[in-house]
Structure formats: structure tokens, C-alpha cells
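The structure under discussion appears below in the form of C-alpha cells.
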Amino acid sequence: MIETENLEEYSVTTPGSHDPPGVFRRTAAWRKLLPDWEAKPPKIKLDRDALLAAEPLSRANIDTYDAARRRSPLPPLTWDEVRARLTPDALVAADPDAWTRLFVTAAKWATYPPRERDGHRLALDWAVPFCASWAGVETALEAYARLYTPIDNRSFMRADRLCRDCGDGIDELRDLIATLDAQTTQRVRERLAQLSAHGGLAAVVAAALLPRDSALIGAALAAFESGPLDAAWQALLRCDLSVAQASRVLAQPSRWYALDREAALRLALHAVRLPAPQAEAALDRVLEETQHGERVAVARLVRALDSATAMRLLLKHRRQTFGNEIRNLLDDFAKTWPVFAIATAAPVSGMDDAAREWLAGFVAGYRDEALIARERVDDAPRAVLDALVPSDAVPLVEAPLAAVPAVLRDPPWLRPAAGRAAPARRLDALDVPPRVVWPEGLEARWRAHRVEPARAAPGRSPAETVLGEFLLSPDRLERLAAGEAPPHDDLSTRGKWPEQLLTLPDAAGATLWAWANPANWYDRHRRLEAVAARYGVAFVPGLLRYAQVHLPEALQLALPFRAAPVAPLAANALRTSRKARTAAQAWLFAHASLAATALLPAAQRGGKVALDAQFALRWLARNGRADELAQGAALHGDAGRLALDDVLGFDPLSLFPAKLPALPGFWMPRAFARPLLADGRALPAACLDALGTMLAFSTQDAPYAGIDDVRAACTPASLAAFAWDLFEAWLAAGAPSKEGWAFAALGALGGDEAARRLAPLIRAWPGENANARAVAGLDVLAAIGSDVALMHLNGIAQRVKFKALQQQARTRIATIADARGLTCDELADRVVPDLGLDDHGDLALDFGPREFRVGFDEELKPFVRDANGARLKDLPKPNRDDDAERSRAATDRYKALKKDARALASLQIRRFERAMVERRRWSREAFDLFLLGHPLLKHLVRRLLWGAYRDDALVLPFRVAEDASFADAHDGAIDLPSEVAIGIVHPLELDAAALAAFGQLFADYEIAQPFRQLGRETHRLTDAESRASAIGRYAGRRVASSSAIGLEHRGWRRDDPSDGGYIGAIVRELPGDLVAAVALDPGLYAGYVDATAQTLGALTLRRAGAWYTHTWNNQDGVAFDTLDPIVASEMLRDLDGLPMLGDTA
10 MIETENLEEY
20 SVTTPGSHDP
30 PGVFRRTAAW
40 RKLLPDWEAK
50 PPKIKLDRDA
60 LLAAEPLSRA
70 NIDTYDAARR
80 RSPLPPLTWD
90 EVRARLTPDA
100 LVAADPDAWT
110 RLFVTAAKWA
120 TYPPRERDGH
130 RLALDWAVPF
140 CASWAGVETA
150 LEAYARLYTP
160 IDNRSFMRAD
170 RLCRDCGDGI
180 DELRDLIATL
190 DAQTTQRVRE
200 RLAQLSAHGG
210 LAAVVAAALL
220 PRDSALIGAA
230 LAAFESGPLD
240 AAWQALLRCD
250 LSVAQASRVL
260 AQPSRWYALD
270 REAALRLALH
280 AVRLPAPQAE
290 AALDRVLEET
300 QHGERVAVAR
310 LVRALDSATA
320 MRLLLKHRRQ
330 TFGNEIRNLL
340 DDFAKTWPVF
350 AIATAAPVSG
360 MDDAAREWLA
370 GFVAGYRDEA
380 LIARERVDDA
390 PRAVLDALVP
400 SDAVPLVEAP
410 LAAVPAVLRD
420 PPWLRPAAGR
430 AAPARRLDAL
440 DVPPRVVWPE
450 GLEARWRAHR
460 VEPARAAPGR
470 SPAETVLGEF
480 LLSPDRLERL
490 AAGEAPPHDD
500 LSTRGKWPEQ
510 LLTLPDAAGA
520 TLWAWANPAN
530 WYDRHRRLEA
540 VAARYGVAFV
550 PGLLRYAQVH
560 LPEALQLALP
570 FRAAPVAPLA
580 ANALRTSRKA
590 RTAAQAWLFA
600 HASLAATALL
610 PAAQRGGKVA
620 LDAQFALRWL
630 ARNGRADELA
640 QGAALHGDAG
650 RLALDDVLGF
660 DPLSLFPAKL
670 PALPGFWMPR
680 AFARPLLADG
690 RALPAACLDA
700 LGTMLAFSTQ
710 DAPYAGIDDV
720 RAACTPASLA
730 AFAWDLFEAW
740 LAAGAPSKEG
750 WAFAALGALG
760 GDEAARRLAP
770 LIRAWPGENA
780 NARAVAGLDV
790 LAAIGSDVAL
800 MHLNGIAQRV
810 KFKALQQQAR
820 TRIATIADAR
830 GLTCDELADR
840 VVPDLGLDDH
850 GDLALDFGPR
860 EFRVGFDEEL
870 KPFVRDANGA
880 RLKDLPKPNR
890 DDDAERSRAA
900 TDRYKALKKD
910 ARALASLQIR
920 RFERAMVERR
930 RWSREAFDLF
940 LLGHPLLKHL
950 VRRLLWGAYR
960 DDALVLPFRV
970 AEDASFADAH
980 DGAIDLPSEV
990 AIGIVHPLEL
1000 DAAALAAFGQ
1010 LFADYEIAQP
1020 FRQLGRETHR
1030 LTDAESRASA
1040 IGRYAGRRVA
1050 SSSAIGLEHR
1060 GWRRDDPSDG
1070 GYIGAIVREL
1080 PGDLVAAVAL
1090 DPGLYAGYVD
1100 ATAQTLGALT
1110 LRRAGAWYTH
1120 TWNNQDGVAF
1130 DTLDPIVASE
1140 MLRDLDGLPM
1150 LGDTA
């Protein structure tokens, strides 16, 4: 590959000058593309033995070789003939004809497409130096010339094979010719003159081999201009063309197609040598005609021009690449020469709205430079700049350097590196026996996966059949049980089902698990949970091997295993793996003490292992596991405690990478909202790059400590505005993933408003093929961490169009809840924003002489009342009698309130309805604090019927009155005991009289409910249905596919896909580890929903975790009378509410 320069290498300014030098900087990188023909010829060492040993033939390639040979119009050598000729004796005796046959073979096979798949090819770029090493350069030239010498008006080689990708050998032969003495070179020139005389392609090749011979170049140009040699011009571009010759080549743009990267760059480099107007037109055309990768390379060359031509071309083509690389080059040029860039862009911006948009963003950060540029342009562009830089603009007041945080004033990474003392004593790894520590409920869930009987082969037992799947004989069973591993690797490439292991005795299965190829397991994670639960600590050796292939899944399976070898895997995943990070966090949280014991010795050593260990230990300490770390360190004695102190006591400001990241082209902080210190003065521009560097190397899991110093010194609103502008600049630059820190900065510096603006983008991105960006956005919301941010994160976890994103959000909510020692439901209670409401759940809006109050209806929609209590259609607009500042603030506050309420309302209403259906209970204390005492949620609480429960049985239904007192069905005041649990009453829990009484009471008070509670439809199973495990109440009915999928909003989901992505049922997990399912015919396919109607099958019930559930044959089904009546009613209500298309015939 041709090397190009990094952006930072371009930024070379001329002190005291606003203008770039205006000349092409012919750097070493560009000399590789356009060689300096005056330089000494390259030194080439021909090692015939090494070349022979490296010949790219192997038996693995014989199929593609023979296929290529069959398609050849000329007779290349057979495989065996090639092998026979590649021996020392045959090579010494070979004449030019023999070498020509070998060259024909190499050229043909090099252009046969399958050679790219296996990575080996017999090509001319190997064959030419190989021939020269055995027979000399002149023989190689003779054999090569014969490839292009016409016989019967036809040569073997075609123009489309003249490219480096085809291994055409031209560069190799040209460099070999350049090493010859004068006498030999003259003979070569005469031979190439003979070749050139044939015209056409032969003339082009002759010129490319002697690229400074004017006669050969002239003949090649004549052939190129007169014949159909479009593809041959890439070879012509390798010649040392004069300016006049380059003009002749560039004058035929109709042939500029299928340019590879090197040809595009050579074309551009020749264009650079033309007079300025011609050069700009030619480079413009090259940028138009080339494809993405080639266009970026040409743009980098254009950037090196350092001239008005470069500025205009980069401005014009800044949007012509997928990743906005050209925009980054433009931004870099403009930051290097801001006055020149503004003066050059202003005339263009007067005619191009898109260019004007870029200029406006740039000028926002370079106001002073824009004023200088204004004096250098004509009237029309001056008017453009006047509009962008108003004369009355208030300049920022920058704080003195002494007032800014020290980390920005004197960045630690710019100081001389300080040595670090070696530990007083090296710790040795301790042998800690593994054991199993089950989190509550996990073992039961994992063991719930049931094994269906293995199908035995005729004449074999199930165990013998499984051994056969692993290519093992039946007599191997006893040795496996004794722990003896098979003597060979797993030769079978077929996948295995993990439950096959459970057909064997545990000891034999555990040995097989530890030995079998971990890449060959089907449906790995869910089924391996049952294997892990069955084998216990015997599962660990195979788990460690499995982690080498499937680290995220392995760490999830490792959760109950307190095993020291898992610690370095989790530490590495925490630091380096986004996919495995959540599982790594869970394991480290669960086994923090063991992590300290296992990781402290590694933390004392150098390299990446030490970085992993230190990172993990510091992360655990920051997240509340310091006591557990101390316990684990104590197993190493005093040295362990000192080692832990050394890791945790390290100056956090010194924790920065050895190689600092370069700030990208879109980093233009002067154009962003400026962070303000607490006294209102702005951070000096000189400090902004230090802030950007911190953000660039900081991570969400280990934020750099200096960012806390900046947050403490600056106002939150100004930092949030700065972070949002940085984020938008990153988006405008194509959202490059390697610069994702600019997105993550929102998590470090953003606030509630950033969360509000980001959440809709996250919801939309998966539909724009930006799923990875959406998942990263979830991490940003979690990092912001405010109630509003977590509200939006929880909202995505509860409902979003894209289910993969929803699952990612749920995982993050669970992680946050676990870190706080809460369930997800308990966390949801605690992260509902109060929206700034008062204790009565209202909000006062002060217009000065007028005041309004905001209340909420049953759907949590805000409404406005005037001072007399009359409900208004909307908040009135301020009038001339109102206080302008107060009314503006009140109006803005109401707009933000409506936005937050809209995001909250449906989520909270669904949450309360789900709590009723799932029979969730709150303690009296939690109910008073998080529901009744919450300024917003109390509006829902007062509209629902609640109940006091003992032992999950309803003992007293009640409602909450306006004054927060409790009332019974007769509206009499009641007191609730403090020890009862409180829940939302389901109508099936009430008798008919109580239901009617409360219904009348709610009607009398005109209390509208947020969802159907008292008037809810209820359903009961018949006696026959209760005793069955499959009922046909809905069988045969036809529904739209979209309606079946719509049940996902009520807690159902599509069944797990089987082979080919087929989904044959919709399922719902129920309490008691049960799963209900309704079969679909013809079914669905993963990732695809069409308009096909689905015919419903029987409603079936079985235990959760049973394998092969997609068949839903209901073997070992569970009777429906196992279900709680409320659960059964809600399940039937969901299905009964499906819009039916009619019964089948």
C-alpha cells in the first residue's frame, strides 16, 4: 500500500504570515508515489534460494490454478509442469521460451478471481525477480517482452492486466533495469525500442520499463492517443512525463474510469505540475471521477498544495466521502491558515449556500481572523463576512490563565515524565481453589433448561451416539469419565448442541466440554447455562478455553464461578471490549475480593496485563468495592495492602496514555459555545486543546480526573453547550467511530437538555443503519446519570421500535440498578424526574402582573389555569403589560415541562398498569416516598384504586383523596398500618359489590383513570381449559402479522428463531418459570415482516427454558390451572384484543 501522511504533518505554519506558501510540499510520502528520477537506482538483492522457497504454490491452490488454466486462450503450463520446472536443475537449464511459458502461467493465474480468497498467487511480481535471480535481468526482460509482442495481431497480455493488483511485474522489472550498467542498459533500450515498434500496448509497456526515455514515452503517448488502450494509461502514468506530456494525458478525461488508488494519485501528482488554472481544473475532475478511497487519497495530496487551489477544491468536495474525510482536511487547512481560508471561502460562499454554512461555523470561532480577512476581499464577499460577523457582536471576556484549573493551565502530559518507584516486594499469584457462588435465583433459572431425549442411532445408546458425533468410539466413555482427554483434536467441523453433553455421565461430559472445539457449539449461551449449573466447578477449565473464542458469552457464563483465572479475562474485557464490558462488570462486582487477590500480582508487572489489572482495580474502588478489595489484598499480607495502596493511591492526574491522541479536523473549539467559569469569564482559547485532549483519551468507564476539575470550575450549562457543539461537529464530520470520544463527551459534560435532545436521535439511528451509534448513545445517557437522562434510558428500555436496542437499554438499566443494590423496578421508582413541581404537584408560572398554575390530567398532560382557577386552552402569550424577562423564562419553562411530560407520561402509565398485572407490591415507606410523595406521580396515584396486602392477599382496598388521605368504598377515612404492602388492585381481586361501590365513587368524583382498571375486561378459563396444557380458544383465527407482533407492547415476544431465522410462535414469560405460546402459520422470519396473515394455533403452556421450544409440540406441557387467575385473565385479554381477519374455512 502507498503510505500517506497524517493530518498533523500538514500543519506547518509560516511565522508571522497569514498566507500559506502556495507550493506543493514534495514530502517523502509523495516521493513514493512519483519517484525522484534523479535519485540513485534502488538497491535490489536477488536471493534465488529465498525466492524459490517463497514461491506461492501449494497443493491447497491446485483447484483455483487448474480452473484458471482451463479458462486461458493460450496454453499455460499444467500444475505438474510448473512444479517440475521449479527445481534448481530445471531452472539452470531454462531458456527464454521456458521462462516465457512460466510468465504466461503466472500472469493468467494472477488475474483469476479466486486467488484473492486464498491469499496466494503465482504472479509476475514474483516471477520477474525470480527469473532474474536464476537467468539474469536480460532474460527476464526477453521473456517479459514476449508477453506483449503481437503474434497474429494478438498478444497474450491485455491492457486491463497492467495494474499492481494483478501483480503485473512492471515495477519490479523497471527497478531491476535501473541497476544495470551503461552497456547493458543500451542493449535493453534497443530491445525495448523493438518492442515499442509494435505500437499499441507494447509501446506503453516499453515506456513504463524505461520511464525517462523521451522517445519511448513519445511512442507510448502516440499509441495511447490513437488506440483503444484506456486501461493502459495507468502504466503510462508511471513514466516521468514532462508538463507537456502530462497535459496530453490529462486532456482525455473520458478514459478516467476504474482508477485504482495508486493511479489516481499519480494522475493527481501529474496534474499538480500544470499551470495553476489547468491544475485546478484537472484536480477537480480527478476528485469528481474517483471513488471513495481513491478520492480521499487525492484530497490528501490536494491538501499538501497549501494554496488557494487547495482551499477551493476541499471546500467544493468536502461532502463527497462517506466519512467526511475531506471535510476534516478542509477544517485542518482552515485552522492552519484561518485568515487565508476565510478570504478564499467568502467569494464562494456568496454563490453556494452549503459553503456559506461551513464558513459561518468556522467564522464563529475565528472572529478576529474574519475581521482581518474582511479587509482583503471585494465588496460582495465583504458583505458575506459582515453578515457573519456583526459589528456589534459582544466579544468574550476570557479569564486569565491563573484563574483556570491547573490541569488546563499546566497539563500533566506536557510535563517531563516522572519515574515510578518499584514495589517493595513482588507479589506471587496465590492458588485459590475455584468455587461456585450463586446469585439469588440464578441457579434455578439456569437449571430450568430441560434436556429433550437424544435421538440414538440404530444399535447405539444415546451416549454412544453423542460420542460418535465427536468422532469418538464407544469405548472412550470410561476414559473420559476418568478425566483422560482424547488423543487428537476435534476433527469434526459440524456444530454440536450443548445438551449433547448432558446425555453423558457428568465426569465424561465435563472432560469432553473442556476438550471439544469451542467454536463448534450451536445456540451456545442459553444451553450452556444448564451445562454450567450441572457441572459446577468442573465447568471452569472448558469455560476458560471457550473464552478464547466467545469472550462476552464466556464472561456471562462465568458469573457464578469464583475462579481466579477469570479475573484477568474480565479485567481485559472491562478495559478493551465494548461487547464484553457489561458481563465483565457483573463478574468483577460479584467477585471483587477475588479480583483483588488475582489481579494485584499482575498489576505490578509491565505491559497490557498490568494496565488491565490496574484499570479493573481502580474501577472497582470507584464503584463502591473498596472494602472487598482490601479483603482480597489482605490474603497477600502487608505487601498486598501496600500494593493495593500503590494502585489506588496513584495520582489520578498522571493516569494518561503514553501516546496522546491527535485532535481531529472537526475539533474547532473556538467555534463551539465557550465554557464559562463560575464568575462568567470564558476559558481562554489557549486552554481548549488541553480540554479536548483530556476528553479524547478519557473513557466512560475510567474518566480522567482532570475532567472533574473542569466541571468544578465551570458552569454546568456552558459545559453542556460546549459538549453539544462538539457532538454536532462530530456528526457533521460523518460520526467517525475512532473519534467517538467527541460523542462520549456528552456523558462527561452534558446535562438534562443534552439527554432530552439525544434520546430522539438514539431512537431513530438504528433505522438509519447506525445501530452502533445508538448503543453508544445509551452509554452516554447512563454517563449523564441525571434523573432526566435515566428516564429517557428507561423509556428506551421499555419501548422502542428496534428490539436489539431495547435489549441493550435494558441491560444498562439492570447494571445501574445492580450497582445501587436495587431491582430494575425499584430503580424506575427513583429516577422519575419531579419536573420542578411543588409539593402539591403544581407549577407556578410568573409573568409579573399575571400568574398561571400548571396541573396534570389522567394522561399526565399538563394544562394551565389562570389566577381564578379557570382552565385555559394553552399558556397565553406575553402581552406588553407582562414582565418581559419573567414571562420569557416562564414560557421557556412551560415548553420544557411539556417536552419532559410527553416523554414521561406513556412510560409511567404503562409502568403502573404492568405493576397491577404483575401484582407488584411496595412497602408503605416506598409508597409514601416514591409514589404518593412524588410531585408528578401523585396525579396518577389519586386516579387509581390501591390495596393493602398481607401475605399477598388483599385486606383493604382504598383510594387516595386530594388531600393525600386514604378512603374506603364508602368514602370514609381510613388509616393504613405501616407493616402492610401496597399494590394496585386488579378487578378480579374484588367481589362484585366492592367493584361496583368503588366504580360509583370514582364516577361521583369524576375521576378519570389513566388506564382501564375498574372497568377492565376480565376473562376466566373453563374447567376443561384449566385442566389442559393446550387450549383451542383462538385456534384457526386469522390475524395480521403486524397485530401478532404488536403484542410485544404487552409483554409478549417473538419466539427464538430456528434454522434459517424461522419464527413459529409468539411467546410470553409468566410467573413460576412458565411460558405461554401461540403458534403462527405460516410464521415469521427474523428481521423481516410482511403483510401475510397469520393463522393462530393452540395456546400452550410449558416450563421456561425447555429446548426446541420453537416446535411447540407441547410435550410435557403444564396445565393452565397452574396459573394465577389474574395472570390467565390478562393473557387471554391480550389475545382477545387482537383484531381478527376472520375464521379460516
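Numbering (the numbering used here), first residue to last: 10 to 1154. In this text, a Cβ means the ideal position worked out from N, Cα and C, and glycines have one as well. This one's a predicted model, so the numbers in the text were calculated from it and none came from an experiment.
Beta-carbon gap between residue i and residue j smaller than 8 Å
i	j	result
Asp1143	Leu1056	yes
Trp955	Phe939	no
Leu949	Ile918	yes
Pro1080	Ile1072	no
Ile983	Ala976	yes
Ala369	Leu338	no
Tyr544	Ala519	yes
Leu564	Leu553	no
Arg312	Ala306	no
Phe1157	Leu1030	Only positions 10 to 1154 of the chain appear in the structure, and residue 1157 is not among them; the question remains open.
Leu322	Leu274	no
Asp341	Gly674	yes
Leu225	Ser205	yes
Ile179	Ala217	yes
Leu150	Leu100	no
Beta bridge counterpart(s) of residue i as assigned by DSSP
i	result
Leu852	Val863
Gln1103	Val1048
Tyr1071	Tyr1094
Leu1083	Leu1079 and Arg1112
Ile1040	Leu1108
Where residue i falls, given that 16 or more other Cβ within 10 Å makes a residue buried
i	result
Arg130	For Arg130, the pLDDT reaches just 48, beneath the cut-off of 50, and the residue's location in the model is therefore unreliable, leaving the point undetermined.
Lys947	buried
Leu521	buried
Asn70	Low local confidence applies: a pLDDT of 44 at Asn70 is under 50, so the model's placement there is unreliable, with the coordinate-based value given in what follows. It is buried - the Cβ of Asn70 has at least 16 other Cβ atoms within 10 Å.
Own chain residues within Cβ distance below 6 Å of residue i, not counting five before or after
i	result
Ile793	Gly756, Gly759 and Ala764
Ala910	Leu869 and Pro871
Trp931	Ile991
His995	Met925 and Ile1135
Asn1122	Residue confidence for Asn1122 is low, a pLDDT of 49 falling below 50, so the modelled location carries little weight; the figure read from the coordinates is stated next. Cβ neighbours of Asn1122 beyond the five flanking positions: none.
Cβ shell of residue i (< 8 Å), same chain only, five flanking positions each side left out
i	result
Asp56	Ser142
Glu1034	Ile1040, Arg1042 and Phe1129
Residues near residue i by beta carbon distance below 7 Å, same chain, minus five either side
i	result
Ala806	Gln815, Ala818, Arg819 and Ile822
Gly715	Val416, Leu662 and Met703
Leu603	Val441, Arg571, Ala573, Ala576 and Gly641
Ala643	Gly649 and Arg650
Leu1093	Ser1050, Arg1063 and Ile1072
Gly689	none
Pro712	Ala757
His600	Arg571
Arg952	Glu867, Ile1016, Ala1017, Gln1018 and Pro1019
Asp851	Arg862, Val863 and Gly864
Leu489	Ala517, Thr520 and Leu521
Leu1023	Leu954, Pro996, Leu1004, Phe1007, Gly1008 and Phe1011
field: Length-filtered (4 minimum) alpha helix (DSSP H) runs lying within the stretch 962 to 1024
entry: 1001 to 1013
- request: Output the residue ranges of the alpha helix (DSSP H) runs that lie fully inside the stretch 930 to 960 and measure 4 residues or longer, sorted by chain position.
  value: 947 to 950
message: What ranges does the alpha helix (DSSP H) occupy inside the stretch 806 to 839, keeping only unbroken runs of at least 4 residues that lie completely in it?
response: 812 to 828 and 833 to 839
- prompt: Fully enclosed by the stretch 270 to 328, which alpha helix (DSSP H) runs are 4 residues long or longer?
  reply: 270 to 281, 285 to 298, 301 to 312 and 317 to 325
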